[in-house]
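> Just so we're aligned: 137 in full-length UniProt numbering is position 137 of the sequence shown, and the numbers increase by one with no gaps anywhere.
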Amino acid sequence: MTKRVALVTGGTGGIGTEICKRLARQGHTVVANYLPALQADAESWQQQMKADGLEMHIVPGDVSSFQSCANMVQDIESRLGPIDILVNCAGITKDKTLRKMTEDQWFDVININLNSVFNVTRQVVEGMTGRGFGRIVNISSVNGQRGQFGQANYSAAKAGMHGFTMAVAQETAAKGVTVNTVSPGYTATAMTDAMPEDVRNAIVAQIPAGRMGSTNDIAFVVAMLCDEEAGYITGANIPVNGGLFTSF
Ligand code: CAA
1 MTKRVALVTG GTGGIGTEIC KRLARQGHTV VANYLPALQA DAESWQQQMK ADGLEMHIVP
61 GDVSSFQSCA NMVQDIESRL GPIDILVNCA GITKDKTLRK MTEDQWFDVI NINLNSVFNV
121 TRQVVEGMTG RGFGRIVNIS SVNGQRGQFG QANYSAAKAG MHGFTMAVAQ ETAAKGVTVN
181 TVSPGYTATA MTDAMPEDVR NAIVAQIPAG RMGSTNDIAF VVAMLCDEEA GYITGANIPV
241 NGGLFTSF
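(1) Shorter than 7 Å, the distance from the beta carbon of residue 232 to the closest heavy atom of the ligand CAA, or not?
(2) Take residue 16 as the anchor and find which of 240, 139 and 180 has the nearest alpha-carbon.
(3) Based on DSSP bridge pairs, tell me the residues matched to residue 86.
(4) What does DSSP give as the partner residues of residue 232 in its beta bridges?
(5) Within a Cβ cutoff of 7 Å, which residues of the same chain sit near residue 158, ignoring the five residues on either side of it in sequence?
(6) Assign residue 93 to one of three DSSP states: helix, strand, or coil.
(7) According to DSSP, is residue 183 helix, strand or coil?
(8) State yes or no: is the C-beta of residue 97 nearer than 7 Å to some heavy atom of the ligand CAA?
(9) Given 7 Å as the limit, tell me if residue 220 has its C-beta closer than that to any heavy atom belonging to the ligand CAA.
(10) Would you decide whether residue 248 is buried or exposed? Buried here means 16 or more other CB atoms lie within 10 Å of its CB.
(11) Would you tell me roughly how many angstroms separate the C-alpha atoms of residue 217 and residue 71, rounded to the nearest one?
(12) For the alpha helix (DSSP H) holding residue 167, just list the boundary residues, first then last.
(13) I'd like the span of the beta strand (DSSP E) that includes residue 58, first residue to last.
(14) Quick check: does the Cβ of residue 184 come within less than 7 Å of any heavy atom belonging to the ligand CAA?
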């Protein structure tokens with residue numbers, strides 16, 4: 001298998017960490033992006049990975065800023081070489097019903113979850129099409145597909161990500177680049193831990209699989225899409241939600 005350079009935004013987070021581990025175990029050079037203000041946390045994450053036998057690179061970058069992403073990608077490519085795999089995994093929630101949602105809560109979620117996908121992907125797409133190989137995976141959500149009470153901002157951003165996926169997949173398919181979405185359901189991470197317990201319990205009770213997803217459930221699919229052999233899957237959305245929302 002060809003060894004690639006993979007950038008995972010939000011790579012030190014719950015789902016991001018598992019994606020980094022899986023890609024690293026496959027032999028790729030993995031770079032985890034983190035928010036510049038969280039450098040100490042990212043360094044201890046890197047130490048933890050090292051203790052687990054995995055050599056990870058870390059790079060600061062604010063995915064909501066186009067210029068910060070330009071600097072980040074330039075830094076990675078000058079140190080490690082061209083980025084062939086990009087996983088857009090950075091994301092936040094600021095849940096509120098619309099009648100209570102502030103302008104900041106709306107724009108923060110749109111900037112970090114959706115505009116980030118443009119900000120980062122724009123930096124790597126020409127390199128990938130020029131070299132004739134690329135794998136881009138956007139981490140969306142079941143709540144982008146079905147909407148969720150209290151998540152007008154998040155549902156809009158996550159639905160928007162898949163529109164981006166479908167459009168860019170068409171622009172890049174002839175050049176060996178695939179662009180896909182993975183839509184996790186409720187996955188056991190700090191993000192779902194932060195939900196009100198009664199709301200979380202009520203949602204888990206509706207999951208046909210009878211449990212929340214694990215980060216491994218998600219990373220498995222992401223790694224599959226990043227594989228050399230997945231070159232004919234593009235513009236797709238792959239739900240990984242235990243049956244919580246079914247569609248075709
Ligand atoms: N459907 C219909 N009505 C509902 C409802 C629902 N799902 N949930 C609450 N309500 C009702 C309440 O019964 C209440 O009714 P009354 O006013 O008649 O008593 C009313 O709506 C409450 O509305 P408020 O605007 O006052 O809401 P709140 O301030 O109490 O809290 C909330 C709302 C912050 C959105 C809270 O419900 C919440 O945190 N929900 C979780 C949302 C969620 O699923 N987030 C996912 C986070 S994880 C993630 O995002 C990862 C991923 O991709 C899956």
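Backbone N, C-alpha and C define an ideal beta-carbon position, used for all residues, glycine too.
Taking the definition as stated:
(1) Here the question's residue 232 lines up with position 232 in the sequence shown. No, Cβ of residue 232 sits at least 7 Å from all heavy atoms of the ligand CAA.
(2) Counted from its first residue, the sequence shown places residue 16 at position 16. Nearest option by C-alpha distance: 139.
(3) The residue you call residue 86 lines up with position 86 of the sequence shown. Bridge partners of residue 86: 7 and 136.
(4) Here residue 232 refers to the residue found at position 232 of the sequence shown. Note: residue 232 sits in no beta bridge, so no partner.
(5) The residue given as residue 158 occupies position 158 in the sequence shown. Once the five neighbours on either side are set aside, the close Cβ partners of residue 158 are 113, 140, 141, 143 and 144.
(6) Along the sequence shown, one-based indexing puts residue 93 at 93. If DSSP states are grouped into helix, strand and coil, residue 93 belongs with coil.
(7) If you number the sequence shown from 1, residue 183 lands on position 183. In this structure, residue 183 counts as strand in the three-state DSSP scheme.
(8) For the purposes of this step, residue 97 is identified with residue 97 of the sequence shown, where counting begins at 1. Within the cutoff, so yes.
(9) Looking up residue 220 in the sequence shown gives position 220. Answer for residue 220: no, Cβ out of range of the ligand CAA.
(10) Here the question's residue 248 lines up with position 248 in the sequence shown. Answer is exposed; the Cβ neighbour count stays below 16.
(11) For the purposes of this step, residue 217 is identified with residue 217 of the sequence shown, where counting begins at 1. For the purposes of this step, residue 71 is identified with residue 71 of the sequence shown, where counting begins at 1. Cα to Cα, residue 217 sits roughly 32 Å from residue 71.
(12) To locate residue 167, count along the sequence shown from 1; it is residue 167. Taken as a continuous stretch (DSSP letters only), the alpha helix (DSSP H) holding residue 167 covers 152-172.
(13) Along the sequence shown, one-based indexing puts residue 58 at 58. Start and end: 57-60.
(14) Along the sequence shown, one-based indexing puts residue 184 at 184. Residue 184 Cβ: within cutoff of the ligand CAA.
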